[in-house]
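Step one of this worksheet: look at the structure below.
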Ligand code: ADP
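Residue numbers (the working numbering): 2 to 437.
Structural data, given as structure tokens:
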């Protein structure tokens, strides 16, 4: 108890004073006697402090704890409890560190930590298998000195690139997907996973869709030929001719689906260099599209407006960029009530990227559909989309074309307010229309 230690200490001081007084009464030298008694008390205190100081200096081992009483016993007790508390938290930290290292080591992805100079600090077992790293040989080595692949170097140094798919530098049959995350200011956590199987399955799927589409094309052309001849046959009754017309329409629809599936297989996972393509006057193209939909009766005069930066031209594959604009414009007209206004805009955004947006004031799309809109055959209202002649592949095609041109598409929509589809391309594709 704190209080009793101090009263014990005060009691000792009082005893020393009393001894001084007794000595004073015997010798009649009062002040000398009291000074001697108090000096004795102080000397005794100093000896106790010295012992404790030495004990602390030697690492305050329990076995060497000095004999102490009064307030010093209390101090020693507190030092002991602080020491055991520190020992406990040290043990806990060590346990947590062991657990963390074990779980990171057991991760199915290769994991490597790098310092601000890209020097390897730590890696797990999977990194040994997948990336051929060896400890301690590679600890402290710059990772870009180990793999000199230009794409890997660019991925490492460019803060805007967070993912990279490349062929493994150790095994040409293995495709690796790298991902990097910054932590503690400039350190990097690098993960890599083997995506060879996934890539293979993807490529088999693409090949299958492409082959199946090609195979279906020829018989459909033959069917269409016969149907056209038969529907013109005067011996056919009007009822048969009507049915024939429906079959012909469905054949046309199938041909469209096949042609769009083939387009998608061609576009998927391909990219263009930023200097590939023709210089396109997007303003003129948008104005032309707006005129065409009015002339063909798909829109009323004034229903489609164009707001474009005429000085801004784009380098791209013109047939593909036209298909992006045309798909988005036709969707805005097709999926919204007649007469709904549509704005085509062409501008530089805050990040200086050239962007094309198609904004309608239609019914809007519920938020839950937005992340899935660019999936092939995904439709908000399947029946209505088919009635309008939609294949469900338009937005998937748009997404892949924009990605091929180093861009991305954002979709925003509010029900009863309208939707906006914005495609932004890499600034490297900008060409000055005035001084190309
Ligand atoms: P579709 O051939 O059906 O138009 P898309 O891939 O172009 O296929 O579009 C997918 C779905 O997204 C459409 O079926 C439609 O439900 C919805 N959608 C696309 N654009 C719009 C729009 N501007 N307004 C409302 N819904 C839209």
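Yeah, the Cβ is synthetic: ideal placement off N, Cα and C, and Gly gets one too.
Everything numeric in this text was worked out from a predicted model, so none of it was measured.
* Asked: Going along the chain, which residues of its own chain have a beta-carbon closer than 6 Å to the beta-carbon of residue 396, five neighbours each way excluded?
  -> 374 and 375
* Secondary structure at residue 282, three-state DSSP: helix, strand or coil? -> coil
* Asked: What three-state label does DSSP hand residue 81 in the structure shown?
  -> helix
* Asked: By how many angstroms is the C-alpha of residue 197 removed from the C-alpha of residue 173?
  -> 10 Å
* **At least 3 beta-carbon pairs within less than 8 Å: the region 146–166 vs the region 104–112** => no
* **Residue closest to residue 272, alpha-carbon to alpha-carbon, out of 99, 97, 155 and 405** => 405
* Proximity test, residue 333 beta-carbon vs the ligand ADP heavy atom, cut-off 6 Å -> yes
* Asked: Which residue's Cα is closest to the Cα of residue 318: 332, 289 and 403?
  -> 403
* Asked: Whose C-beta lies closer than 6 Å to the C-beta of residue 393 among residues of the same chain, with five residues either side of it excluded?
  -> 378 and 380
* **Coarse secondary structure for residue 30, derived from DSSP in three states** => coil
* To do: Can you have a look at residue 124 and say buried or exposed, based on whether 16 or more other CB atoms are within 10 angstroms of its CB?
  => buried
* beta strand (DSSP E) runs contained entirely in the region 376–417, provided each spans 3 or more residues -> 409–415
* Go ahead and pull the three-state DSSP assignment for residue 289. => helix
* Please find out if some non-hydrogen atom of the ligand ADP comes closer than 6 Å to the beta-carbon of residue 373. => no
* residue 298 by DSSP, collapsed to three states: which one? -> coil
* Asked: Cβ-heavy atom distance between residue 361 and the ligand ADP below 6 Å?
  -> yes
* the region 254–263 touching the region 411–421, judged by at least three CB pairs closer than 8 Å -> no
* Asked: From residue 440 to residue 218, what does the alpha carbon distance come to, in whole angstroms?
  -> Within the shown structure, residues of the chain are numbered from 2 to 437, placing residue 440 beyond reach of any answer.
* Asked: Taking three-plus beta-carbon pairs below 8 Å as touching, is the region 232–252 in contact with the region 290–298?
  -> no
* Relative to the alpha-carbon of residue 17, which residue among 37, 8 and 6 has its alpha-carbon at the smallest distance? -> 37
* Asked: residue 132 to residue 157, Cα distance in whole Å?
  -> 15 Å
* **Residue nearest to residue 309 in terms of C-alpha spacing, selected from 301, 282, 327 and 331** => 282
* Asked: In the region 199–266, which residue ranges form an unbroken alpha helix (DSSP H) of at least 4 residues, counting only runs that do not cross its ends?
  -> none
* Asked: So is the beta-carbon of residue 366 under 6 Å away from any non-hydrogen atom of the ligand ADP?
  -> yes
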